[in-house]
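For the sequence shown, the UniProt record's numbering gives the first residue as 1, with consecutive numbering after it. Written out below as structure tokens is the structure these notes cover.
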Amino acid sequence: MFESDQHDFDEEYAEISHPAPPLAKSSSAVATIEAPPAVAPATSTAPTAATKPVAPPRPIAEEIEESEEPTPQEAEQEEFVDAAEKSAAEPPKKKPNFVLIGGFAALIVFAIFAFMTINKPKVDAPQPGDMGPGIFAVAGLRGHLDTKWDGNAKTGRLVYQLRIEPMEDRWGAGFSRVVSNPPMPLSVNVRIMDSSGFALCGKEIDFPFNPQNAGVTIPASAELGADGKKLSAAARAAAVQAARQSQIAQMQAAEVIRERGKDLFQNQIAHDGLVGAVNAQGTLPCSPDQYRKADYWDFNTNFPTLDEQAMLLDPKAALREKELEEGHTAKRTAPKWGNGFVIQGDDRVTGYDSARGMLWVEDKTFAIDKRYGQATASDWSNRYALIHYKCDQHASCALTAAGQSAVLHARLN
């Protein structure tokens with residue numbers, strides 16, 4: 001009887017100690033497991049060797065806990081960690097340096113502001129201006145003045161570039177002869193004018209002058225020496241040479257003083273080897289307010305006239321031409337400083353008489369040189385052209401049409 005009971009207990013224990021896989025075991029099966037019946041202590045006197053040793057059974061609750069292994073889904077779930085413990089375990093994150101970022105941003109803003117300030121146009125400074133052409137008809141000269149305000153209105157200055165050249169190609173040889181070897185100190189006086197003809201500012205620009213190349217006039221030496229004796233020809237020649245050198249030395253000293261601190265013309269050689277133009281650059285003593293009122297410019301000069309230029313080129317031919325001129329009764333005096341242009345304006349051409357060489361505008365009449373200006377005057381008359389005229393104190397005028405570079409020389413009638 002006891003053996004059968006022991007056998008049944010062993011089978012039940014084996015089933016409990018070797019459970020089915022967790023997925024196959026149902027919750028109802030686990031719930032129906034009952035604790036094995038208690039075994040009464042054996043009263044048999046059978047030998048102990050006949051019975052098998054049995055390990056003490058573990059509680060069913062422990063078996064159930066072992067059988068309930070976590071599923072893969074449950075194993076993958078992140079274990080809950082307290083926020084305080086997590087912050088203590090992980091190192092603190094480095095906070096951005098807002099001071100450094102702010103300083104870098106301020107530097108970028110300052111650089112942009114400085115760039116915009118430097119490249120901002122100077123609205124307070126006068127605008128640069130091309131003053132256009134100007135003429136001095138008596139000497140056959142044409143000039144072009146270009147001006148520009150350099151800097152701002154407070155600390156800036158008015159810079160200029162001036163170019164002077166002969167009005168026509170046929171006068172180029174005389175012009176080159178004068179500027180290459182001036183017969184005397186020459187200069188040009190430039191003036192900036194407002195619309196009413198008032199001179200706002202001006203400057204004198206000099207031509208370089210070498211007294212050695214000038215024709216120095218020496219008075220005749222005395223026939224007698226200091227001792228009262230008559231001088232020989234050699235002695236008189238030596239006295240003349242000494243007087244000439246003394247006068248040249250005085251002129252050189254005066255020329256150094258004249259050119260000191262002045263703007264000087266520089267010769268520009270043309271392709272034919274002659275001086276085709278002279279150029280000068282520098283500053284003009286105009287204030288910003290004066291420059292804002294500038295309307296045009298003019299110049300006057302003691303440059304030799306066209307007749308005197310011809311005399312320098314070929315004295316004999318010039319004298320013969322003078323003798324052939326009718327009504328020439330007085331010798332031409334040395335050139336004096338003029339007053340520049342005394343009249344200028346704009347008018348429409350209304351007609352041209354080719355037989356008489358008369359060009360009519362709205363309220364004036366100009367006498368045109370028929371040999372050189374007939375074609376241009378006829379074209380202006382046919383187109384009813386708008387012309388600009390500038391006339392000096394001798395009524396010698398230069399006429400130009402809008403959009404054309406041709407200059408027509410005329411005399412105001």
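Note that the Cβ used here is the ideal one computed from N, Cα and C, for glycine as well.
Residue from the options whose Cα sits closest to the Cα of residue i
i, options, result
"Ile-164", "Arg-157, Gly-172, Leu-158", "Gly-172"
"Asn-181", "Thr-283, Phe-104, His-144, Leu-313", "Leu-313"
"Leu-359", "Lys-316, Ile-343, Leu-408, Ile-257", "Leu-408"
"Leu-284", "Ile-387, Ile-205, Gly-174, Thr-400", "Ile-205"
"Pro-304", "Ala-105, Asn-152, Phe-136", "Phe-136"
"Glu-168", "Gly-276, Gln-212, Lys-293", "Gly-276"
"Glu-362", "Glu-308, Tyr-384, Arg-170", "Tyr-384"
"Asn-300", "Val-138, Phe-110, Gly-103", "Val-138"
"Ile-269", "Phe-175, Ala-233, Arg-258", "Phe-175"
"Ala-377", "Gly-202, Lys-293, Gln-404", "Gln-404"
"Ile-343", "Lys-203, Asp-298, Met-184, Val-256", "Asp-298"
"Phe-162", "Thr-147, Met-311, Arg-260", "Reading the sequence as shown, one finds Leu at residue 162 and not Phe. Looking at the Cα atoms, Thr-147 is the closest of the given residues."
"Ser-195", "Gly-151, Ser-396, Tyr-296", "Tyr-296"
"Asp-307", "Val-178, Gly-156, Leu-145", "Val-178"
"Asp-263", "His-271, Asp-272, Asn-279", "Asn-279"
"Met-251", "Gln-309, Phe-265, Asp-272, Pro-183", "Pro-183"
"Arg-170", "Glu-259, Ala-310, Arg-258, Arg-236", "Ala-310"
"Arg-371", "Arg-236, Ser-354, Gly-103", "Ser-354"
Alpha carbon of residue i to alpha carbon of residue j, nearest angstrom
i, j, result
"Asn-382", "Arg-348", "11 Å"
"Ile-108", "Ile-101", "11 Å"
"Gln-281", "Pro-208", "14 Å"
"Tyr-389", "Gly-357", "17 Å"
"Tyr-352", "Asp-392", "23 Å"
"Val-123", "Lys-154", "Any reading at Val-123 must be qualified, since the residue scores a pLDDT of 45, below 50, and its modelled position is unreliable; no value is offered."
"Ala-375", "Val-188", "32 Å"
"Ala-398", "Ala-410", "6 Å"
"Lys-336", "Leu-158", "Reliability fails at Lys-336, whose pLDDT of 45 lies under 50, so the model's placement of it is uncertain and the value that follows must be treated cautiously. Approximately 29 Å, taken between the alpha carbons."
"Leu-200", "Arg-142", "21 Å"
"Ala-105", "Ile-112", "11 Å"
"Ala-402", "Asp-369", "21 Å"
"Asn-302", "Leu-186", "6 Å"
"Gly-140", "Trp-149", "30 Å"
"Pro-121", "Ala-294", "Confidence in Pro-121 is poor, its pLDDT being 45 and thus under 50, which makes the residue's placement too unreliable to answer from."
"Ser-232", "Gln-212", "27 Å"
"His-328", "Glu-255", "Confidence at His-328 is low in this model, with a pLDDT of 49, below 50, so its placement is unreliable and the value that follows should be read with caution. Near 36 Å, if we compare the C-alpha coordinates of Glu-255 and His-328."
"Met-193", "His-394", "20 Å"
"Asp-346", "Pro-166", "24 Å"
"Ala-406", "Lys-364", "20 Å"
"Gly-151", "Tyr-160", "14 Å"
"Leu-386", "Phe-366", "14 Å"
"Thr-400", "Gly-261", "36 Å"
"Asn-210", "Phe-198", "35 Å"
"Val-234", "Arg-191", "One point to set straight first is that residue 234 is Ala, not Val, in the sequence displayed. So the alpha carbons of these two residues sit roughly 52 Å apart."
"Leu-412", "His-144", "23 Å"
"Phe-265", "Arg-258", "14 Å"
"Pro-315", "Gly-156", "49 Å"
"Gly-373", "Asp-272", "26 Å"
"Asn-267", "Leu-274", "10 Å"
"residue 415", "Arg-236", "One cannot answer for residue 415 here, as it falls past the ends of the chain, which runs 1 to 413."
"Ser-396", "Lys-230", "55 Å"
"Asp-380", "Thr-350", "Reading off the sequence, residue 380 comes out as Trp, not Asp. Roughly 9 Å between the two C-alpha positions."
DSSP beta-bridge partners of residue i
i, result
"residue 415", "Since the first residue of the chain shown is 1 and the last is 413, residue 415 is not available in this structure."
"Trp-297", "Ile-192"
"Gly-140", "Answer is none; Gly-140 lacks a bridge partner."
"Cys-391", "Ile-343, Cys-397"
"Gly-134", "Gly-143"
"Met-358", "Asp-353, Ala-367"
"Pro-166", "Leu-141"
"Ala-199", "Met-193"
"Ser-187", "Asp-206"
"Lys-154", "Its beta-bridge partners do not exist; DSSP assigns none."
"Gly-103", "DSSP, once it has assigned bridges, lists no residue as partnering Gly-103."
"Gly-129", "Thr-147"
"Arg-292", "Note: Arg-292 sits in no beta bridge, so no partner."
Original post:
Taking one C-beta from the region 231 to 241 and one from the region 282 to 297 each time, how about it: are there three or more such pairs within less than 8 Å?
Top reply: Verdict: no, contact absent.
**OP:** Assess, as a yes-or-no matter, whether the region 245 to 254 is touched by the region 131 to 140 under the definition of 3 or more beta carbon pairs within less than 8 Å.
**Re:** Remark: fewer than three beta-carbon pairs, one from each stretch, lie closer than 8 Å, so the region 131 to 140 and the region 245 to 254 are not flagged as touching.
**OP:** Output the residue ranges of the beta strand (DSSP E) runs that lie fully inside the region 230 to 284 and measure 3 residues or longer, sorted by chain position.
**Re:** For the region 230 to 284, whole beta strand (DSSP E) runs of length 3 or above, ordered along the chain, are 266 to 269, 275 to 284.
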